[in-house]
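Here the structure comes first, spelled out in structure tokens, and everything after it is commentary.
2 protein chains.
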Amino acid sequence: MHQTTIIDIAKALCISKSTVSRALTGHPNVNAKTRDRILDMAAQVDYQRNQLAISLLTNRTSTVGIMVPEFISFFFPKVIIGAQEELARSGYNVVICHSNESYETEVANAKALLASRIDGLIVSHTKETRNFDHFRSFQRKGIPVVFFNRVCEDMDVSKVTVDDYHGAFQAVEHLIQTGRRRIAHLSGPDTLMNSRSRLAGYHDALTKHGLPIAPELIISYDLNLDKANIYVNHLLNLPNPPDALFTINDPTALEALSVAKRRGLCVPDELAIVGFSDDPVSALIEPGLTTVSQPVHELGQQAAQVLLRQLLTEDNTFVAERVVLPTKLIIRGSTVQTSTNSY
Amino acid sequence: MHQTTIIDIAKALCISKSTVSRALTGHPNVNAKTRDRILDMAAQVDYQRNQLAISLLTNRTSTVGIMVPEFISFFFPKVIIGAQEELARSGYNVVICHSNESYETEVANAKALLASRIDGLIVSHTKETRNFDHFRSFQRKGIPVVFFNRVCEDMDVSKVTVDDYHGAFQAVEHLIQTGRRRIAHLSGPDTLMNSRSRLAGYHDALTKHGLPIAPELIISYDLNLDKANIYVNHLLNLPNPPDALFTINDPTALEALSVAKRRGLCVPDELAIVGFSDDPVSALIEPGLTTVSQPVHELGQQAAQVLLRQLLTEDNTFVAERVVLPTKLIIRGSTVQTSTNSY
DNA sequence: GGTTTTATTGGGAACATTCCCAAAATATTG
DNA sequence: CAATATTTTGGGAATGTTCCCAATAAAACC
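Quick note, the sequences are listed as chains A and B, same order.
The first sequence: position 38 = 38 (this note's numbering), numbered continuously.
The second sequence: position 89 = 89 (this note's numbering), numbered continuously.
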């Protein structure tokens, strides 16, 4: 099926395509009467410009790609919305790819985005990603890349994260200050920079307060929630079990909470639990989950702003930016006995 | 910055662009030796085909647009994933637009998708949408449209939904069978077809069991969660308050649950609550929320399959399909006293 | 070795648009 | 009214690719 083009309009009105183009793009050098006739005709045939042709000619798509590993959790959608709002303000469209935590899919998505000639890329990589060549392709071709949340250390590109180290440090310090001494950490895979940072925060908080690092209390897992309860049970079955658990994220902490309940453990008295992210669910359940909240929407905004700055720097003078947003410890019933269980 | 083209490769090897094109597209009529040289060179310069040029020429983008009103809740992301899996299998890319429940944004998104020449559209409209002309544009231009979840009655296009009427009917019947007599309904805006269907199911269940329709117990609201508690409180403040509440969706039901708790009402004894959708949170809270679950992932799959069938029917012989997926009532503590509160 | 067949290659149109430059039409000036 | 200035219009190149058709090169046949 043929879609109406400016040539169709030109023929119908017996004028040249140049004039039609001028009228439709709002160029001033066109007679008012002619312009009206053209606009009328365009409306009548429901003309829609062909962005493909324009992008091909101008070598700009006004489209930014956003790649995320998943978007079932609240986190990535909210980041995307933050970024999108910011990008829309500057006239950029967004195409969203989710890799389903699969490296293969991520590489395929990268190729597709490259072929579709996006102007920039905002990305959080999968937990499987060890090789970043598919992202370096963008860099080589002069397409700005901004990493967020899960960033690649080795690439000289802009990165936007929250202060994972400090958030974890605060969380663990809170557990120590409320009297816990055997604090376990259910960590993420070491492919993830934020996972490593949180582990470092955990480590340093213990050390600062003179507590030993117990390797048997540190478990790194692949974020596959189905397996979380296995690891939590393993920890609780230890001869000398932990009195507190700091997890890589809230879903894991919620699993832990459910395991603790199933085992008849009293939370927070027998086991204190702290998550990371402040998932909306964490405030709804009982006891409420103590967690490290991060400015999710702002994360997206900042990533977009950094990218926009780079898109506006046409020459190659742009230097990679590093943005670190603050986290905040939210204390709820999973670490501190609350007088009331109501909301 | 200039990206490598087949012409660059052709010049470098002193051959014609036609031969390069043939080699890269896997056309058989090219000398094996020449092909190897071309593929080597392409790999060396990290050549990426320009999809814009190909799409312009072939008049096909192999891209499907998916428009949703929001994607913070678990529902739409999961539908999108279902659809995307299915579409990827047939070699289609997906571009996702969310309208943030704004009609203006929806129209703007539709224009952008039209300009970017998507091959097909899967859509759930905003709660503000009363005029569907921006979707008729696609139809007129021969671009297949499939509505899901929130469908437009007046358009002759394919539609995929769950059985909202029956789901609501079952939910209300369950409330009646467990002894409730004054059942309130917190409904969605009447712009939404599924909202109207659920209201009809509520209505007919009451009628079937000889219960009166009490207009003061039916409130239609705009799904703005901040206001939900106002309406719930209003209902509970009635001289003759309801003993059960059926809500348009789970987030609303969760708000109601929280209001009931704040008021010191015992759920389910003094107030039974049923939601719709089976949000993951509904199983985690206490009491668990009784709700009507829908096959979310399958909804996306089916929408994609219907669209794919239409995309393969090149002539105009395709007739609109209507798919209705079954719902299932999940009974939890918010309507029936459970012996244990554990998971 | 010449002729026919087959394999391989190159040239150019087409896709829809913008933008530059020249041409034409109109308006302004002396 | 002629000369000049201004407005308005049209023609054509360019964007990167595929595909058709013709041209060339190589192989096969008599």
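Glycine included, each C-beta is placed from N, C-alpha and C at the ideal position.
Within 9 Å, strictly: CB atoms of residue i and residue j
i: B/I273; j: B/T178; result: no
i: B/A12; j: B/T19; result: no
i: A/H134; j: A/E106; result: yes
i: B/V79; j: B/A303; result: yes
i: A/V292; j: A/K261; result: no
i: A/Q139; j: A/D163; result: no
i: B/V172; j: B/A214; result: no
i: A/R181; j: A/L211; result: yes
i: A/I285; j: B/I285; result: yes
Residue i versus the options, residue with shortest Cα-Cα distance
i: A/D154; options: A/A32, A/N131, A/F71; result: A/N131
i: A/L217; options: A/L311, A/S18, A/L235; result: A/L235
i: A/H174; options: A/N249, A/V145, A/M1, A/H209; result: A/H209
i: B/K159; options: B/C14, B/Q301, B/G333, B/L114; result: B/Q301
i: A/A42; options: A/L24, A/N29, A/P28, A/N50; result: A/L24
i: B/L245; options: B/N237, B/A256, B/C14; result: B/A256
i: A/Q337; options: A/N316, A/D269, A/V319; result: A/D269
i: A/N233; options: A/R196, A/L192, A/L265, A/R117; result: A/L265
i: A/Q84; options: B/R60, B/I96, B/T58, B/K111; result: B/I96
i: A/V296; options: B/P28, B/I72, B/G26; result: B/I72
i: A/V372; options: A/P28, A/N109, A/N29; result: Residue coverage of chain A in this structure runs from 1 to 343, which leaves residue 372 of chain A outside it and unanswerable.
i: A/Q294; options: A/P28, A/G26, A/I66, A/F76; result: A/F76
i: A/G333; options: A/G275, A/G26, A/E298; result: A/G275
i: B/I381; options: B/A200, B/G26, B/A112, B/R263; result: A query on residue 381 of chain B cannot be resolved here, the shown segment of chain B reaching from 1 to 343 and no further.
Alpha-carbon to alpha-carbon, residue j and residue i
i: B/Y47; j: B/Q3; result: 8 Å
i: A/L254; j: B/S62; result: 41 Å
i: B/S16; j: B/T126; result: 51 Å
i: A/I54; j: A/S220; result: 49 Å
i: B/N341; j: A/L87; result: Note on B/N341: pLDDT 42, under 50, position unreliable in the model; the coordinate value appears next. Cα-Cα distance, rounded: 46 Å.
i: B/I330; j: B/T252; result: 17 Å
i: A/Y343; j: B/H98; result: Low per-residue confidence applies at A/Y343: pLDDT is 35, beneath 50, and the placement is therefore not dependable, though the value from the model is reported in the following sentence. Each residue's Cα considered, the two are about 31 Å apart.
i: B/S258; j: A/G288; result: 14 Å
i: B/G167; j: B/A228; result: 22 Å
i: B/T5; j: B/R49; result: 7 Å
i: B/V306; j: B/I81; result: 16 Å
i: A/S277; j: A/E70; result: 15 Å
i: A/I230; j: A/L52; result: 51 Å
i: A/Y202; j: B/N194; result: 48 Å
i: A/T317; j: A/G142; result: 12 Å
i: B/C14; j: B/V45; result: 16 Å
i: A/R60; j: A/N31; result: 29 Å
i: A/F169; j: A/T290; result: 14 Å
i: B/A320; j: B/E314; result: 14 Å
i: A/E344; j: B/N237; result: Only positions 1 to 343 of chain A appear in the structure, and residue 344 of chain A is not among them; the question remains open.
i: A/R322; j: A/N240; result: 42 Å
i: B/S116; j: A/P189; result: 39 Å
i: B/M1; j: A/T247; result: 45 Å
i: A/N29; j: A/R22; result: 7 Å
i: B/R263; j: A/L199; result: 42 Å
i: A/G26; j: B/T58; result: 29 Å
8 Å contact criterion, which residue i and residue j should meet: CB distance rounded
i: A/D352; j: A/V64; result: The structure shown does not extend to residue 352 of chain A, since chain A is modelled only from 1 to 343, so the question has no answer here.
i: B/P326; j: B/F74; result: Contact flag wrong, Cβ pair sits at about 19 Å.
i: A/L121; j: A/S137; result: Contact doesn't hold; Cβ gap of about 10 Å is too wide.
i: B/L271; j: B/D250; result: With a Cβ gap of about 16 Å, B/L271 and B/D250 do not count as contacting.
i: B/Y165; j: B/S197; result: 5 Å
i: A/L56; j: B/L56; result: 6 Å
i: B/T191; j: B/T129; result: 6 Å
i: A/V394; j: A/T161; result: Lying before the first or after the last residue shown, residue 394 of chain A is absent from chain A, which here runs from 1 to 343.
On the three-pair Cβ rule with 8 Å, is the region 145-153 of chain B touching the region 174-189 of chain B? Of all C-beta pairs linking the region 145-153 of chain B to the region 174-189 of chain B, fewer than three are shorter than 8 Å, placing the two stretches out of contact.
The region 89-96 of chain B contacting the region 33-43 of chain B, beta-carbon criterion three pairs below 8 Å: Between the region 89-96 of chain B and the region 33-43 of chain B, the count of C-beta pairs closer than 8 Å stays below three; the two stretches do not touch.
How do the region 305-314 of chain A and the region 133-148 of chain A stand: do at least 3 beta-carbon pairs fall below 8 Å, yes or no? Three or more pairs of CB atoms, one per stretch, sit closer than 8 Å, so the region 305-314 of chain A contacts the region 133-148 of chain A.
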